[in-house]
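Protein chains in written order, with our numbering: chain A, 746 to 1013; chain B, 746 to 1013; chain C, 746 to 1013; chain D, 746 to 1013; chain E, 746 to 1013.
Glycine included, C-beta positions come from ideal geometry on N, C-alpha and C.
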Amino acid sequence: MPSKAKSQSGSKKQWMNNFLTDGKSMLLAYDQGLEHGPSVDFNDKNVDPSYIMEIALKGRFNGIVFQKGLAEKYYTGKVPLILKVNGKAALAKGEPVSRQNCSVEYAVSLGAKAIGYTIYLGSAYEADMFQEFGRIQEEAHDAGLPAIAWVYPRGAVIQNDTSREIVSYAARTGLELGADAVKIKYTGDTDSFSWAVKSAGKALVFMSGGPKAPTDDAFLKQVKGAIDAGATGLAVGRNVWQHPDPVKMADYLRQIIFERKAVEVMQK
Amino acid sequence: MPSKAKSQSGSKKQWMNNFLTDGKSMLLAYDQGLEHGPSVDFNDKNVDPSYIMEIALKGRFNGIVFQKGLAEKYYTGKVPLILKVNGKAALAKGEPVSRQNCSVEYAVSLGAKAIGYTIYLGSAYEADMFQEFGRIQEEAHDAGLPAIAWVYPRGAVIQNDTSREIVSYAARTGLELGADAVKIKYTGDTDSFSWAVKSAGKALVFMSGGPKAPTDDAFLKQVKGAIDAGATGLAVGRNVWQHPDPVKMADYLRQIIFERKAVEVMQK
Amino acid sequence: MPSKAKSQSGSKKQWMNNFLTDGKSMLLAYDQGLEHGPSVDFNDKNVDPSYIMEIALKGRFNGIVFQKGLAEKYYTGKVPLILKVNGKAALAKGEPVSRQNCSVEYAVSLGAKAIGYTIYLGSAYEADMFQEFGRIQEEAHDAGLPAIAWVYPRGAVIQNDTSREIVSYAARTGLELGADAVKIKYTGDTDSFSWAVKSAGKALVFMSGGPKAPTDDAFLKQVKGAIDAGATGLAVGRNVWQHPDPVKMADYLRQIIFERKAVEVMQK
Amino acid sequence: MPSKAKSQSGSKKQWMNNFLTDGKSMLLAYDQGLEHGPSVDFNDKNVDPSYIMEIALKGRFNGIVFQKGLAEKYYTGKVPLILKVNGKAALAKGEPVSRQNCSVEYAVSLGAKAIGYTIYLGSAYEADMFQEFGRIQEEAHDAGLPAIAWVYPRGAVIQNDTSREIVSYAARTGLELGADAVKIKYTGDTDSFSWAVKSAGKALVFMSGGPKAPTDDAFLKQVKGAIDAGATGLAVGRNVWQHPDPVKMADYLRQIIFERKAVEVMQK
Amino acid sequence: MPSKAKSQSGSKKQWMNNFLTDGKSMLLAYDQGLEHGPSVDFNDKNVDPSYIMEIALKGRFNGIVFQKGLAEKYYTGKVPLILKVNGKAALAKGEPVSRQNCSVEYAVSLGAKAIGYTIYLGSAYEADMFQEFGRIQEEAHDAGLPAIAWVYPRGAVIQNDTSREIVSYAARTGLELGADAVKIKYTGDTDSFSWAVKSAGKALVFMSGGPKAPTDDAFLKQVKGAIDAGATGLAVGRNVWQHPDPVKMADYLRQIIFERKAVEVMQK
């Protein structure tokens, strides 16, 4: 099984250090209110950002992902903040585009320790997002913050956004454009995902959690596969905060990510 | 009946305080001259912004909404001003877009205590408005003013702009993008509207008054439903200044909003 | 007959004072070289901007309207200058759009005492012009100059640009966006035009002269109708400088505008 | 025969003086490498900008027209430089647009004594070029340089770009937008071209040389016709540097332009 | 056989000196990860930018071409850096456009000694890239760096991007827009390529290496043909780092470029 002990040794600055524990990381994502709408993903509990903030703390996450509005009104400062500076809603059709709605300066004032930005690779508006991310990456670095790229292949030309070729292209795009870490979808197996990790080079790879998996084990095995492939960690939302016991799920994830345990032998 | 005692406790700043009385609010909206045209909504009396200014004062409104031109030529300073910094006319077809026509700095020079901005959620130009609102929100906060988002789902993809899903999405979008308050349409019942209020989180919710209701009671019951759902208040225009006795109507509304009276038992 | 003694009393600054005589005004427009082309409107005499400058002076006009190029090369300083800062030619088809070609700062350096800008209400590019006018209006006011909006309903959605509804919408749009004066087309009768004047509120209304009328009296009666409706005055071009005796025509117009004479009793 | 002794007397500044000899001028144009491509217009000799620079000097031209790249690498300073700050290649189809590729500041640093800019009148992108030229014209004047507009009617709506109406519209557009000189196509006869010259007012008119004429005399008669119509001079490229003896051709042109000789009596 | 000893003598500054050895040059290109995707061009070895950095050093290249992300994380400073400041991925269809994703200032901070930029000549977005390159070229020169243009004819209108006419147009476009060097495709023979070199004037010409040739000799003969035509050198990627022995291939190339050896007689 291909595997890679990924590190940033050799890079000039360990940009992502604030989000790493022994080189690994587990991030809590919560931008679904904007990206999907509250009625698709939320219930009476997890619609409340305070509840998510609490999970991030109790679940000992390495970081939490918020849009500016949530950061401004709910962020408590106890878990490192990744401010997502662009976002789109799910209603509009046509080629996807997501534009900056929060300045890096403002993100810093809200306590951000990293900047997040989504790039829709393959979209007819791809060039606009490459350019915008390029500028934001520089502003982030100038402010001492890493830039994390959500690279999602999407648009009319994209047939299969989890193929080895497409996911590795997403990973590489992040590296080439200066991302310190990329959030990409899982390809489905360790072998192909390890090519995506290699393509990302010194940009750290975070597997995107995706929609709630049918069983805990199904999800945990995906995470294990990504970690085995050399991923630095996971950016997870729904599989944690839609879980009946988010803190327990976080505990399972930590065993996989930080202790490299197999799903079959982990402590439940 | 679901209900929520909504407050901003826990947020870092009570941005909307200038517009609240015991946590509730009643705003007078008057941007219809631009949005609909004078011949649709106005008569010889209410075509005159001075008349509206007078109603705002006599009706003891918590704020008045003007475009820059009206603020510059008619605002008397006696009621807190919300300056609407974008707007569109009703003639052009195609996907809706409304762009900034007043700088935050200029709004402040006109006496504004809050900035208003319309976002057409679901429009093909949604990304432009997200971005523009994002910048304006920061400029407003830098100037010490709250940012209020009129979030109106509109465009070819929107089938029903008062459904529970769509209205709650509008509310949530405002919260995520940093609005301190959102103005949204009423869903028709307290139950569904309370989901929208929950989705808005710490962003205060103002029910949009909409066109003149057939009877006073019909309108008042809508307002009561929204308040019961946890809304902070109402931004009303036509149902007040098209009313034969706007001050009396304002009195009815105050009983519902501030005294939580039922329509059936209010003092008429 | 509806009529309105229009004044700016109550507004904070009498922005248009430089262009008023006892609250009334007569402006000489000369942007047709760009808007229509020289071969459509000009002959060997009136193709020369010096000739127009001379008419403005001898005809005792309250202001003259030039594009930057004419102001720079022909303006003598003897009649207050309104600098038209956008303009388009007549050749291109498609939805109309006119963009700024002269900065406010440059206009001031050329001696401008007011800024003029055309908005094509109803055009697919309406939002761009609303935004641009909004910025220019602020720059003008910051420089101490009034902003005058030429509001012309135009584009595929506009069926009849002189109807009561459309003309009053144009007038109101100017007011809402911060224009100190609007130049709009005549509706054809005093009654309907007085609604447009009311809709414009404290923004002064200038009737647009339009193409050369078949007879002097036909044109003068239109002007009289607009003045009776409460218009501040007239911005006239072709009906003066295409006239065999422009100074005489100016004299007729002054009798109507400033002395409120009826066409039937004026001194010829 | 209509004729006009054109001068800038009365204008506030003789912007074009650096390019005039007794009020007349002969400019050498060399932007064809970009506009048409080297294989269309050039041979082994005239592909070399040094050769053109030499012709400009030996042919005693009043100015030479270069894009920034040529100015930077070939300009010797011995002939006044007009820097063409926009340009397009001939390959792309669709409505023509040419955007600024050289800042005025950079042009000045390269030794420019005038700024050149092409406007495609009638193009769907006309508004963009009007706006860009407007800004450039101001920057040029602020730097003490004249702005010369190449006004070329082009695009799907243009049927005949040498008609009296279209050429005079081009000339007038330059004047209205603040050009100190316009480069326009010849209409074919003195009478119609004199209307274009009149339409240009105090903006000096340069006839555009166009493609290599079949005979020297054919070309020289066109130039004579333009000069008789009141043109200030000629901006010529191919008819000089594609000529077997460019310096001799320049000598013929000088006789027509500066000595007003007829083609039939000039010294050959 | 046409040949040209190309030099920059006569130009004001030897912009490209950092990349020349006796007036000739060999550059290592590595932007394929973004332009083509990792799965198309890379294997387990050359997917790693460190491996490429090592080849650049051992192969004694005159420069290495990186996107910002690679430069930031892998550049060692031992070979002069050309920072490619725009780039696009291969997935999106439609007219090609590549926008700036790295500022010149940031490129300098990463150690760049030259700025690279791709222009898609003939694309519907050509005007945007001309304009962007124009600005970047000035910023590069202001910072003391040369600007290198990758000029690639591409888009629906381009039938054959290696014809004499098209390649020479690409070369000339670079010169006209101020490029100090152009990277263009080989036309297939020395005769036609020498016309491209002539068209480029004082802008140095780099042949684009293109995809891996079937045999070493096939590729080396192309390079020899370009050098004989007057090219300054080669910007090569895949033919070196996809080669089983990249350093040996680099040695062959040096013999052709710097020693002008024929393929038949070179030392293998």
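Host beta strand (DSSP E) of residue i (start-end)
i	result
B:Q812	G808 to Q812
C:S953	L949 to S953
A:I903	From DSSP, A:I903 is part of no beta strand (DSSP E); its letter is neither H nor E.
D:A974	First-last for D:A974: undefined, no H or E at that position.
D:K833	Premise fails: D:K833 is in no beta strand (DSSP E) and is neither H nor E.
Through-space distance from residue j to residue i, alpha-carbon basis
i	j	result
D:P783	D:F964	23 Å
E:V1008	E:T907	23 Å
C:R909	C:I809	28 Å
C:K833	D:A872	7 Å
D:A835	C:S843	27 Å
B:S913	B:W940	6 Å
E:D934	E:K966	10 Å
E:Q759	E:D996	26 Å
C:A1077	D:I864	Because chain C spans 746 through 1013 in this model, residue 1077 of chain C falls outside it and cannot be assessed.
C:K749	C:G919	At C:K749 the pLDDT is 42, less than 50, meaning the model places this residue with poor confidence and gives no usable figure here.
E:Q987	E:Q812	19 Å
Chain C contact residues for residue i, given Cβ-Cβ distances below 9 Å
i	result
D:L697	One cannot answer for residue 697 of chain D here, as it falls past the ends of chain D, which runs 746 to 1013.
Closest residue to residue i among the options (Cα-Cα distance)
i	options	result
D:K969	D:I797, D:V824, D:F938 and D:A915	D:F938
C:A971	C:S953, C:K957, C:Q987 and C:G982	C:S953
B:A916	B:A885, B:G889 and B:L949	B:L949
D:N807	D:E884, D:L855, D:T766 and D:S854	D:T766
C:Y931	C:M761, C:P898, C:F811 and C:A888	C:P898
A:K769	A:T977, A:A801 and A:G923	A:T977
C:I1001	C:K943, C:H988, C:L979 and C:W986	C:L979
B:V824	B:P959, B:Q1012, B:Y796 and B:R805	B:R805
D:S944	D:A857, D:A926 and D:P959	D:A926
D:G861	D:K790, D:R999 and D:A894	D:A894
Enclosing alpha helix (DSSP H) for residue i [first to last residue]
i	result
A:A892	No alpha helix (DSSP H) holds A:A892; the beta strand (DSSP E) holding it covers A892 to P898.
E:T918	R909 to E921
A:T935	T935 to A945
E:G879	E871 to D887
D:L779	Q777 to E780
B:A801	P794 to K803
Chain B residues whose Cβ lies nearer than 7 Å to that of residue i
i	result
A:Y851	E883
Local Cβ density within 10 Å of residue i, reported as buried at 16 or more and exposed below that
i	result
C:V1010	exposed
E:R1005	exposed
D:K751	Note that D:K751 scores 46 on pLDDT, short of 50, meaning its location in the model is unreliable; the coordinates nonetheless yield the value given after this. It counts as buried.
B:D990	exposed
C:A857	buried
Under 9 Å from the C-beta of residue i: neighbouring residues of chain A
i	result
E:L773	Per Cβ cutoff of 9 Å: no residues; E:L773 is ~16 Å from chain A at best.
B:I903	L836
Under 9 Å by beta carbon: chain D residues contacting residue i
i	result
E:Q876	N831, R844, Q845 and N846
Under 8 Å from the C-beta of residue i: neighbouring residues of chain A
i	result
E:D793	K943 and G946
Contacts that residue i makes with chain C (C-beta to C-beta distance below 7 Å)
i	result
B:G839	A869
Chain-ordered neighbours of residue i on chain E, where CB pairs are closer than 8 Å
i	result
A:P898	L836
Contact set between residue i and chain A, taken where Cβ atoms lie within less than 7 Å
i	result
E:P783	S913, Y914, R917 and S944
B:L866	A834 and L836
Under 8 Å from the C-beta of residue i: neighbouring residues of chain D
i	result
C:D789	K943
Under 7 Å by beta carbon: chain F residues contacting residue i
i	result
E:A872	Of the chains in the structure shown, none is chain F; the protein chains are A, B, C, D and E.
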